[in-house]
Structures are given as structure tokens and as C-alpha cells.
Amino acid sequence: MKNSIIKLFFVATVVMFWSCNSGNAQKTESAVEVDMNDESQKAAYSLGVNVGLSFKSQKLDEDLDVEQIIQGMRDALKGEEKVSDQEARANLDAYFQAKREKDVAANLEKGNQFLAENGARKEVTTTASGLQYEVMKPGDGVKPTTSDRVSVHYHGTLIDGSVFDSSVERGQPATFGVTQVIAGWTEALQLMPVGSKYKLFIPANLAYGEQGSRGGIGPNEALVFEVELIEIVK
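Counting from 1, one number per residue, gives the positions in the sequence shown under the numbering used here.
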């Protein structure tokens, strides 16, 4: 994650550079006006939106002061930075390492609590691995094996309901091998008859673990999927 964040800071620096060169550096955030009919302003604003959304998706907006980030950029562009490049990198390394360790522990605790409460519901079945599922619609077809490829529709969220991926929203089913997905999916698909729809509650160790994944899945995140098994692909 660290390298991707450093890249974001580089992009943000480019945004700030454009801002300074266009005479906007002295303006406050609320005072900046964007003419969306001006191609240059529209591109600069869009780049800023892209950076901001990237920061937000990785939850950096929760404890980093945006104004301090901008001030650091301004100081660096004027040659008045308060830390050296080496010190800045060391500070970032320390921050992201501490943040990761905090997220690893916090996400695991939240996921375990969610799964414990969810598993107590009578509609939910918990397997020996810790996978939980709820049958939303039964099916009467055959069940896939590890050698099969399947076509599915799915809708994936974090336990707080935040959507990170959805073939349903894209309007296009996904096709892949039963063993080409996370362990929780591989297990669940072999339980599902063709034509069925299950809701899966997947603990972190059967999902992306401490590594997490792109698209807003942090370390040790438990995941929720609604999965409809459309067919086994021949």
C-alpha cells in the first residue's frame, strides 16, 4: 500500500504545482472556482477529484489533515520544507506501518464480532472452516467441482455495507474457475446447486487476509457476497 500512497502524493503534488502556477495557491479551498467549460481547469479539477477519491478509498481522510498536506506541498515548492526528503520518507514509512498494524487488529476484531453475531441467526449455516452462508434462493441443478468453470452474478460489500465490487451493477455475469477465486468462494461454490442464490459471509482468512486487496478491501476485512450461480460453463 505504501508505494501506491507515495504515488498518490506525487500526483497530488502535480495538482498543487498547477494550482501554484495558476495563481491559486493563496486562495482557500472554498474560494477556488472551477470553470468546467475550460478544458485546463476541468482537467486539473478532475485530477484533484481522482486523488481525493483515492485518499478516501484508503481512509486517509479520516486522520490526515488535508490542509497540512497542501501546506507541505507549498513549502516544498518554495524550497522551505521543514523536513528533508529522507526524513519525509521515514515519517511516511512509520505512519503507514503504524496505520497498517492498527487496521489489521481493528478489522479482525470487527469482523470476528460481526461473524459471531451473524452466525447466531437461524438462517445462517457455519461450516468447519468458518465460512457462513444463507440460502436466499434454492436451486435444483448440479453442484460445481474444483475442475469446473462457472458463470455467476455477485454483489460484494464490506460488513458495513460499502460496495467494493458487483457484477450485478455492471450488468455482466462473471466467469471463472472454481479454484481461481478466494478460498471462501471456492468452498461456497461447491455447496451451491446451479440456479441457487446464496449470501456468503467470509472471514478474513478465507478472503484476502492481512494483505487486503485493491478496491477498498483493507487488511483482515470480513466480506459479504450475494452470489447467484447461473451455470457451469462447458
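By construction, the Cβ of each residue, glycine as well, lies at the ideal position given by its N, Cα and C atoms.
Going straight from the alpha carbon of residue i to that of residue j, what length do you get?
i: Gly209; j: Ile217; result: 10 Å
i: Val51; j: Gly72; result: 16 Å
i: Asp148; j: Asn37; result: 52 Å
i: Ala105; j: Val124; result: 26 Å
i: Phe114; j: Met136; result: 19 Å
i: Val194; j: Leu77; result: 60 Å
i: Ser46; j: Val32; result: 14 Å
i: Leu64; j: Val83; result: 17 Å
i: Val227; j: Ala94; result: 39 Å
i: Gly215; j: Ile159; result: 15 Å
i: Thr126; j: Thr157; result: 19 Å
i: Asp75; j: Glu81; result: 5 Å
i: Lys143; j: Ala188; result: 10 Å
i: Thr145; j: Gln211; result: 27 Å
i: Asn21; j: Asp103; result: Because Asn21 carries a pLDDT of 44, less than 50, the predicted location of this residue cannot be relied on, and no value is offered for it.
i: Phe225; j: Gly130; result: 15 Å
i: Ala43; j: Glu231; result: 44 Å
i: His153; j: Pro173; result: 5 Å
i: Ala128; j: Val233; result: 28 Å
i: Tyr133; j: Gly79; result: 57 Å
i: Ile70; j: Lys99; result: 21 Å
Can you tell me which of the three DSSP states residue i falls into?
i: Gly119; result: helix
i: Ile232; result: strand
i: Gln227; result: Per the sequence presented here, residue 227 reads as Val, with Gln not at that position. DSSP places Val227 in strand when its eight states are reduced to three.
i: Lys197; result: strand
i: Glu101; result: helix
i: Lys78; result: coil
i: Tyr208; result: coil
i: Gln180; result: coil
i: Asp165; result: strand
i: Ser40; result: helix
i: Ile217; result: strand
i: Met136; result: strand
i: Val32; result: coil
i: Gly141; result: coil
i: Thr127; result: coil
i: Val83; result: coil
i: Thr157; result: strand
i: Lys27; result: For Lys27, the predicted model reports a pLDDT of 43, less than 50, meaning its position is unreliable; a value from the coordinates is still stated below. DSSP places Lys27 in coil when its eight states are reduced to three.
i: Ala222; result: coil
Excluding the five sequence neighbours on either side, which residues of its own chain have a C-beta within less than 6 Å of the C-beta of residue i, listed in chain order?
i: Pro138; result: Ser196
i: Gln97; result: none
i: Leu92; result: none
i: His155; result: Ser166, Val168, Glu226
Taking residue i and residue j to be in contact with their CB atoms under 8 Å, please state how far apart those CB atoms are, rounded to whole angstroms.
i: Ala204; j: Gly119; result: Ala204 to Gly119, Cβ: 15 Å. No contact.
i: Leu229; j: Ala207; result: Contact flag wrong, Cβ pair sits at about 19 Å.
i: Thr175; j: Ser151; result: 5 Å
Beta-carbon within less than 7 Å of residue i's beta-carbon, same chain only, minus the 5 sequence neighbours each way: which residues are those?
i: Gly177; result: Arg149
i: Asp35; result: Gln41
i: Asp140; result: Pro193, Gly195
i: Glu67; result: none
For residue i, which residues from the same chain have a beta carbon less than 8 Å from its beta carbon, with the 5 sequence-adjacent residues on both sides left out?
i: Leu108; result: Ala204, Asn220
Between residue i and chain D, is any beta-carbon pair separated by less than 8 Å?
i: Gln180; result: Although the question refers to chain D, the structure presented lacks it and comprises just one protein chain.
Exercise for the section: Examine the Cβ distances between the segment 164-175 and the segment 197-204 and report whether three or more of them are shorter than 8 Å. Expected result: Verdict: no, contact absent.
Handout entry: the segment 78-96 / the segment 168-183 touching (three or more Cβ pairs under 8 Å)
Key = Short answer: they don't touch.
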